[in-house]
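Trainee: Chains as they are written, first to last, in this note's numbering: chain D, 72 to 343; chain G, 97 to 416.
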Ligand SMILES: Nc1ncnc2c1ncn2[C@@H]1O[C@H](COP(=O)(O)OP(=O)(O)OP(=O)(O)O)[C@@H](O)[C@H]1O
Ligand SMILES: [Mg+2]
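1) Excluding the five sequence neighbours on either side, which residues of its own chain have a C-beta within less than 7 Å of the C-beta of residue 113/G, listed in chain order?
2) Please classify residue 333/D: does DSSP put it in a helix, a strand, or coil?
3) Consult DSSP for residue 328/D and reduce its assignment to one of helix, strand or coil.
4) If we cut at 8 Å on Cβ distances, does residue 131/D have a partner in chain G?
5) With ligand 2 as the reference, list in chain order each residue whose Cβ lies under 7 Å from any of its heavy atoms.
6) Nearest chain G C-beta to residue 83/D closer than 8 Å, yes or no?
7) List the residues that DSSP assigns as beta-bridge partners of residue 303/G.
8) Would DSSP call residue 359/G helix, strand or coil?
9) Using a beta-carbon distance cut-off of less than 8 Å, what residues from the segment 177-191 of chain G approach chain D?
10) Using Cβ-Cβ distances below 7 Å, what residues of the segment 161-179 of chain D are close to chain G?
11) Of all the CB atoms in chain D, is at least one closer than 8 Å to the CB of residue 109/G?
12) Taking the continuous alpha helix (DSSP H) assigned at residue 400/G, which residues delimit it?
13) Which residues in chain G sit within 7 Å of residue 191/D, going by Cβ to Cβ distance?
14) Please indicate yes or no: does the CB of residue 149/D lie closer than 7 Å to some heavy atom of ligand 1?
15) Contact between the segment 238-246 of chain D and the segment 187-207 of chain D is defined here as three or more beta-carbon pairs at a separation below 8 Å; is this criterion met?
16) Taking all protein chains shown into account, decide if residue 299/D is buried (16 or more other Cβ within 10 angstroms of its Cβ) or exposed.
17) Can you give the Cα-Cα distance for residue 306/D and residue 173/D, rounded to whole angstroms?
18) Count the C-beta pairs between the segment 177-191 of chain D and the segment 86-104 of chain D that are closer than 8 Å, then say yes if the count reaches three, no if not.
19) Quick check on the DSSP output: the beta strand (DSSP E) that includes residue 405/G runs from which residue to which?
20) Would a check of beta-carbon distances place residue 260/D closer than 8 Å to chain G?
21) Scan the segment 122-155 of chain G for residues whose Cβ lies nearer than 9 Å to a Cβ of chain D and list them as they occur along the chain.
22) What is the DSSP secondary structure of residue 257/D, reduced to helix, strand or coil?
23) Going by the CB atoms, is the gap between residue 350/G and residue 362/G shorter than 8 Å?
24) What residue range does the beta strand (DSSP E) around residue 440/G cover?
25) Roughly how many angstroms lie between the CA atoms of residue 158/D and residue 125/D, to the nearest whole one?
26) If you count every other CB in all the chains shown that lies within 10 Å of the CB of residue 325/G, and 16 or more means buried, which is it?
27) What is the DSSP secondary structure of residue 100/G, reduced to helix, strand or coil?
28) Would you call the segment 134-145 of chain G in contact with the segment 185-194 of chain G, where contact means no fewer than 3 C-beta pairs closer than 8 Å?
29) Going by the C-beta, is residue 313/G closer than 7 Å to any heavy atom of ligand 4?
30) Grab the span of the beta strand (DSSP E) containing residue 350/G for me, first residue to last.
31) Check residue 334/G in the structure and name its three-state DSSP category.
32) By DSSP, does residue 73/D sit in helix, in strand, or in coil?
33) Just the chain G side, please: which residues come within less than 8 Å of residue 102/D by C-beta, in chain order?
34) Please report whether the beta-carbon of residue 208/D lies at a distance below 8 Å from any beta-carbon of chain G.
35) Compare the C-beta of residue 110/D with all C-beta atoms of chain G and state if any pair is closer than 8 Å.
36) Do residue 243/G and residue 274/G have their C-beta atoms within less than 8 Å of each other?
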């Protein structure tokens, strides 16, 4: 069956294989966006909680911005913006995996596999759907922050960059969930993985500058390569270097998680 | 090339030490409804899943629509329609959306997808519900949508795994009608069921599977005949005549066990001897209070092959 995996399989002669594969991936991505949109419990918390945390923190730590080592920001809210976006991704990143695991558990996945759909469209559709949805959530978050007076110094380009990084990060993190889903076929097992992302998030400069930390905790938090460059786009302004650093790191993570997913996918198709 | 739409040779699948399907042979003819009958856990779904390329056989070979299920799975998938047992339909999507998605998965363009979806919704009587989420559908409606999904690309071979299990009698009848109609249009149907009546009513030929092995295969009428003579049961009106009645009946066939106060024989020559029996009893002055002829059912065929009853097994299952 391995040979079948690499091949777009629907091909009636008149229509180009590549085009059919694209249409299938698009249709599946659309389905995954629609299903997520129609189960608000899966995404509303990902929007509301980061906003609540941002509101509470920026009230609590309003004066912290005046500490000598704090980066030059307009407000703590501005400092929080990238963290809130990433936090929202952390909330939503599990969805791609749990939705896929649910499909496997209840048989919808079999329905797909019994059709001649190009095998890779199923994986790509699911992951792209998650990325698009996360991009949309990030856009909403950024707009809310802008409305509350936290400017993005990087301008429109900076906003687009943040949304792009968010979408990419959703793929990178979501890829782990997808891999676990393919491996276990269990939504519960997939779900249980995701609290981990919060540990990473809190052990970072997401909510407080590393300059103001100390000891081993500072060491760990400083090794964060995504939040800091993204934040510099918000508080300092546009920079290709920052964008490239964030994108490159995210891509590296995505490469790991996606190749793991792909291995698990082949394995599922093989063993079955 | 003349090939069977479905054929299997020594097809086998085990899960660890459990042999779910234990080397079965099948030849399904073009244009027939083939019934695959068996109790819970017999291996029906496992067989279907191998035939529709969802599960790899651990032994033997099978081909569907002329293509090997292991070597040419994509060709198989393009030729078949599949309605699996317990394959959920995404409850958050509407019937129409799912049909269009299915059409695109089968490589239809979006205009064609829209046209086919409308056509099939109409066919299965879901036009009005087409834009409602599947979550709001009844069990019968879901089953009909499932059938429509399986038909999106006009498959030549249709697999239905227990299409009426859990349906009320009316929905079951309308599903039967639909399956017959499809078959008339030339679709070969492979249908699994636990219901004797369903196999009897729908299928031209059946295979009975039990414990992963096919224990009987053929035309239901022939299989029933093979079980033996129909059972004739008689209750006589006057117990004084019992010995006379016995003397008459013993000339028509072998004794079979019967309830107290009744006599039962396997009627040699079947239903056409009934009149002779009645005439002979009458000639001897034996008053008949009750008479019935029990022709063998598929349950008798099953019991003859396995020593167990299928109907009983089903009742047990419903209680558990
Ligand atoms: N993936 C699997 N892993 C392990 N055992 C399995 C698996 N699938 C099926 N089995 C076992 O194989 C046997 C046959 O199962 P199968 O589902 O084919 O039966 P069935 O005839 O379809 O029954 P039902 O009428 O209940 O649907 C059962 O004992 C079942 O437990
Ligand atoms: Mg079954």
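Idealized CB from N, CA, C, for every residue including glycine. In this text the structure is predicted, and so the values were computed from the model without any measurement.
Mentor: Let me lay it out:
1) By 1-based counting over the second chain, the position of residue 113/G is 17. Around residue 113/G: no qualifying Cβ.
2) Residue numbering aside, residue 333/D sits at position 262 when the first chain is read from its first letter. Three-state DSSP puts residue 333/D in a helix.
3) For the purposes of this step, residue 328/D is identified with residue 257 of the first chain, where counting begins at 1. Note: residue 328/D maps to helix in three-state DSSP.
4) Residue numbering aside, residue 131/D sits at position 60 when the first chain is read from its first letter. Taking Cβ atoms only, chain G never reaches closer than 8 Å to residue 131/D, which makes this a no.
5) 140/G, 141/G, 181/G, 257/G, 258/G, 288/G
6) For the purposes of this step, residue 83/D is taken as residue 12 along the first chain, with counting starting at 1. Residue placement at residue 83/D is poorly supported in this model, since its pLDDT is 49, which falls under 50; the coordinates still yield a value, given next. Yes, contact with chain G.
7) The residue given as residue 303/G occupies position 207 in the second chain. Its beta-bridge partners are 132/G, 313/G.
8) Numbered from its first residue, the second chain carries residue 359/G at position 263. If DSSP states are grouped into helix, strand and coil, residue 359/G belongs with the strands.
9) 178, 180, 182, 183, 184, 185, 186, 188, 189
10) 177, 178, 179
11) Reading the second chain from its first residue, position 13 is the one you call residue 109/G. For residue 109/G, the answer is no, since every Cβ of chain D falls outside 8 Å of its Cβ.
12) Here residue 400/G is taken as the residue at index 304 of the second chain, counted from 1. Per DSSP, residue 400/G belongs to the alpha helix (DSSP H) from 394-402.
13) What you label residue 191/D is simply residue 120 of the first chain in a count that begins at 1. Residues of chain G passing the Cβ test: none, with the nearest at roughly 13 Å.
14) Against the first chain, residue 149/D aligns to sequence position 78. No, since every heavy atom of ligand 1 falls outside the 7 Å radius drawn around the Cβ of residue 149/D.
15) yes
16) Numbered from 1 along the first chain, position 228 holds the residue referred to as residue 299/D. The residue is buried, with at least 16 neighbouring Cβ atoms inside 10 Å.
17) Numbered from its first residue, the first chain carries residue 306/D at position 235. Numbered from its first residue, the first chain carries residue 173/D at position 102. Each residue's Cα considered, the two are about 41 Å apart.
18) yes
19) Taking the second chain and counting its residues from 1, one reaches residue 405/G at position 309. Run containing residue 405/G: none; DSSP gives neither H nor E here.
20) By 1-based counting over the first chain, the position of residue 260/D is 189. No, because no Cβ of chain G sits closer than 8 Å to the Cβ of residue 260/D.
21) 145, 148, 149, 150, 151, 152
22) To locate residue 257/D, count along the first chain from 1; it is residue 186. Three-state result, residue 257/D: coil.
23) Taking the second chain and counting its residues from 1, the one referred to as residue 362/G is at position 266. Taking the second chain and counting its residues from 1, the one referred to as residue 350/G is at position 254. In this structure, residue 350/G lies closer than 8 Å to residue 362/G by Cβ.
24) One cannot answer for residue 440/G here, as it falls past the ends of chain G, which runs 97 to 416.
25) Your numbering for residue 158/D matches position 87 in the first chain. Your numbering for residue 125/D matches position 54 in the first chain. Going from the Cα of residue 158/D to the Cα of residue 125/D covers about 10 Å.
26) Walking along the second chain from the start, residue 325/G turns up at place 229. Answer is buried; the Cβ neighbour count reaches 16.
27) On the second chain, residue 100/G is found 4 positions in, with the first residue counted as 1. Here residue 100/G sits in coil by DSSP.
28) no
29) Annotation note on ligand 4: not contained in the displayed structure, which lists ligand 1 and ligand 2 as its ligands.
30) Taking the first residue of the second chain as 1, we reach residue 350/G at position 254. Taken as a continuous stretch (DSSP letters only), the beta strand (DSSP E) holding residue 350/G covers 349-351.
31) Along the second chain, one-based indexing puts residue 334/G at 238. If DSSP states are grouped into helix, strand and coil, residue 334/G belongs with coil.
32) Here residue 73/D refers to the residue found at position 2 of the first chain. Note that residue 73/D has pLDDT 34, beneath the 50 cutoff, so the model's placement of it is unreliable and the number below is only indicative. Three-state result, residue 73/D: helix.
33) Position 31 of the first chain, counting from 1, holds the residue named residue 102/D. Per Cβ cutoff of 8 Å: 186, 189, 193, 197.
34) Translated into positions along the first chain, residue 208/D becomes position 137. Not one chain G Cβ lies under 8 Å of residue 208/D.
35) By one-based count along the first chain, residue 110/D stands at place 39. By this cut-off, residue 110/D is an interface position.
36) Reading the second chain from its first residue, position 147 is the one you call residue 243/G. Reading the second chain from its first residue, position 178 is the one you call residue 274/G. Cβ atoms of residue 243/G and residue 274/G: closer than 8 Å.
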